[in-house]
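Residue numbers (this note's numbering): 1 to 333. In what follows, a single structure is set out as structure tokens and then discussed.
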Amino acid sequence: MDFGLVLQTDPPASRVVDLMKRAERNGFTHGWTFDSAVLWQEPFVVYSQILAATTTLKVGPMVTNPGTRTWEVTASTFATLNDMFGNRTVCGIGRGDSAMRVAGRRPNTLARLGEAIDAIRDLAEGREAEVDGQPLRIPWVKDGRLPVWMAAYGPKALALTGRKADGFILQLADPYLTEWMVKAVRAAAAEAGRDPASVTVCVAAPAYVGDDLAHAREQCRWFGGMVGNHVADLVSRYGEHSGLVPEALTSYIKGRHGYDYSHHGRAGNPSTDFVPDEIVDRFCLLGPPEAHIEKLRALRDLGVDQFAVYDMHDAQETTIDAYGAEIIPALSR
Numbered sequence: 001m002d003f004g005l006v007l008q009t010d011p012p013a014s015r016v017v018d019l020m021k022r023a024e025r026n027g028f029t030h031g032w033t034f035d036s037a038v039l040w041q042e043p044f045v046v047y048s049q050i051l052a053a054t055t056t057l058k059v060g061p062m063v064t065n066p067g068t069r070t071w072e073v074t075a076s077t078f079a080t081l082n083d084m085f086g087n088r089t090v091c092g093i094g095r096g097d098s099a100m101r102v103a104g105r106r107p108n109t110l111a112r113l114g115e116a117i118d119a120i121r122d123l124a125e126g127r128e129a130e131v132d133g134q135p136l137r138i139p140w141v142k143d144g145r146l147p148v149w150m151a152a153y154g155p156k157a158l159a160l161t162g163r164k165a166d167g168f169i170l171q172l173a174d175p176y177l178t179e180w181m182v183k184a185v186r187a188a189a190a191e192a193g194r195d196p197a198s199v200t201v202c203v204a205a206p207a208y209v210g211d212d213l214a215h216a217r218e219q220c221r222w223f224g225g226m227v228g229n230h231v232a233d234l235v236s237r238y239g240e241h242s243g244l245v246p247e248a249l250t251s252y253i254k255g256r257h258g259y260d261y262s263h264h265g266r267a268g269n270p271s272t273d274f275v276p277d278e279i280v281d282r283f284c285l286l287g288p289p290e291a292h293i294e295k296l297r298a299l300r301d302l303g304v305d306q307f308a309v310y311d312m313h314d315a316q317e318t319t320i321d322a323y324g325a326e327i328i329p330a331l332s333r
């Protein structure tokens with residue numbers, strides 16, 4: 001199992017770079033960041049510094065979207081980083097939550113997202129692609145490689161992931177829901193004539209190592225609110241009892257009343273008081289190293305290839321070091 005570190009690009013950027021360097025030293029293979037131009041600093045600028053300061057770490061957004069930047073700009077940016085640092089980027093992409101809503105726009109449609117996945121990958125790898133009806137090719141790209149991993153929860157998004165994406169990003173670590181969603185992605189891949197095993201599965205969730213569970217829950221409760229934004233979209237689209245989305249995912253948002261993006265992804269987010277302890281425990285990894293190892297082994301058995309640690313809490317260095325000392329070695333054996 002691979003491991004990634006997920007950060008927000010809060011200033012100063014030097015701290016983000018230092019944490020990513022620490023992650024590489026501790027055996028992490030991927031460095032991910034949020035991508036929301038209003039809320040945080042521009043991630044692609046920071047990626048250039050992370051790549052320059054590390055040797056093997058792969059970097060990318062978790063996640064970008066097709067609406068913030070034009071597709072040829074996104075592809076050219078990835079291709080430039082790959083040309084400079086040797087194909088060490090991954091494009092995590094989704095419909096767009098905070099990046100679009102904070103700017104007063106609606107998230108992209110799945111149809112638009114599917115077109116963007118093909119176009120960005122083709123352009124970044126030097127092939128011709130159609131962008132808004134215009135055929136384009138980036139002529140200077142040589143031997144480019146850009147895996148595109150899609151974030152998804154709902155049935156249509158999971159199907160699109162299986163049909164088109166190189167990887168699947170699932171932003172929660174509940175084994176029951178992981179099993180349900182991985183099966184949906186793999187079934188869609190098989191139906192599309194693809195090898196289901198070729199789709200890399202990445203589970204991303206907060207991890208907090210320590211014995212004080214009450215404190216760990218408070219530091220990670222924000223995650224249930226973030227996931228709740230996507231779940232609320234699913235409920236509005238499919239209904240709470242449609243059978244198309246597991247009630248294990250939808251039931252907890254009944255007490256949700258709006259969401260303030262100024263606290264998005266941050267410990268102490270006041271918009272997440274509706275999230276019960278049970279959801280925090282199910283969606284996150286909390287407790288001593290042994291508890292993390294046990295849950296990660298269960299996720300690995302379900303086909304998870306990478307666990308990406310959301311490290312937005314008051315124990316960032318401690319978590320990275322604990323994973324490097326005890327948890328990553330146990331999952332690498």
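Glycine is no exception: its CB is placed at the ideal position from the N, C-alpha and C atoms.
- For Arg194, same chain residues with a beta-carbon under 8 Å away, outside a window of 5 residues either side, are Gly162, Arg163 in chain order.
- In the three-state reduction of the DSSP assignment, Lys142 falls in the coil class, being assigned neither a helical nor a strand state.
- In this structure, Leu299 lies away from Thr109, with their beta-carbon atoms at least 8 Å apart.
- Residue burial is scored here from C-beta neighbours: Met84 has fewer than 16 other C-beta atoms within 10 angstroms and is therefore classed as exposed.
- Between the C-alpha atoms of Pro276 and Cys202 there is a straight-line separation of about 25 Å.
- In the same chain as Pro175, and ignoring 5 residues on each side of it, the C-beta atoms closer than 8 Å to its own belong to Lys295, Ala298, Leu299, Leu302, in chain order.
- A distance below 6 Å between beta-carbons, with the five flanking residues on each side excluded, links Thr9 to the following residues of its chain, in chain order: Val16, Thr33, Trp40, Gln41, Pro43, Val46.
- For Ile93, the uninterrupted beta strand (DSSP E) run begins and ends at 91-93, by DSSP.
- Of Val182, Arg88, Met150, the smallest CA-CA separation from Ala53 is found for Arg88.
- DSSP, read as helix, strand or coil, puts Phe3 in strand.
- The Cβ atoms of Asp97 and Asn229 lie closer than 8 Å to each other.
- Taking C-beta separations shorter than 7 Å and ignoring five residues to either side along the sequence, the partners of Leu213 in its chain run Leu286, Gly287, following chain order.
- By the criterion of a C-beta distance shorter than 6 Å, Pro66 is surrounded in its chain by Asn108, Arg112, Leu113, Ala116, once the five residues flanking it on both sides are discounted.
- Sequence-distant Cβ neighbours of Val148 in its own chain, meaning closer than 7 Å and more than five residues away, are Cys91, Ile93, Ile117, Ile120, Arg121, Ala165, Asp166.
- In the three-state scheme derived from DSSP, where H, G and I count as helix and E and B as strand, Thr64 is classed as strand.
- Within 10 angstroms of the beta-carbon of Ser262 lie fewer than 16 other beta-carbons, which makes it exposed.
- Under the three-state reduction of DSSP output, Val280 falls in the helix class.
- As DSSP reads the structure, Cys202 sits in a beta bridge with Ile169, Gln306.
- Annotation for Thr200: Pro147, Trp149, Asp166, Gly167, Phe168, Asp305, Gln306 place their beta carbon closer than 8 Å to its own, counting only its chain and skipping 5 residues before and after.
- Under the DSSP assignment, Met150 falls in the beta strand (DSSP E) whose first and last residues are 148-151.
- By the criterion of a C-beta distance shorter than 7 Å, Phe283 is surrounded in its chain by Leu172, Ala173, Asp174, Ala205, Phe223, Gly224, Val227, once the five residues flanking it on both sides are discounted.
- In the same chain as Glu326, and ignoring 5 residues on each side of it, the C-beta atoms closer than 8 Å to its own belong to Pro289, Ile293, in chain order.
- Of the candidates Tyr153, Ala124, Tyr208, Gly154, Ala124 places its Cα closest to the Cα of Val141.
- Beta-bridge partners of Glu125 (DSSP): none assigned.
- When DSSP states are grouped into helix, strand and coil, His30 belongs to the strand group.
- Short of 8 Å from the beta carbon of Gly27, and not among the five residues preceding or following it, lie these beta carbons of its own chain, in chain order: Phe3, Tyr323, Gly324, Ile328, Pro329, Ser332.
- In the three-state reduction of the DSSP assignment, Gln134 falls in the strand class.
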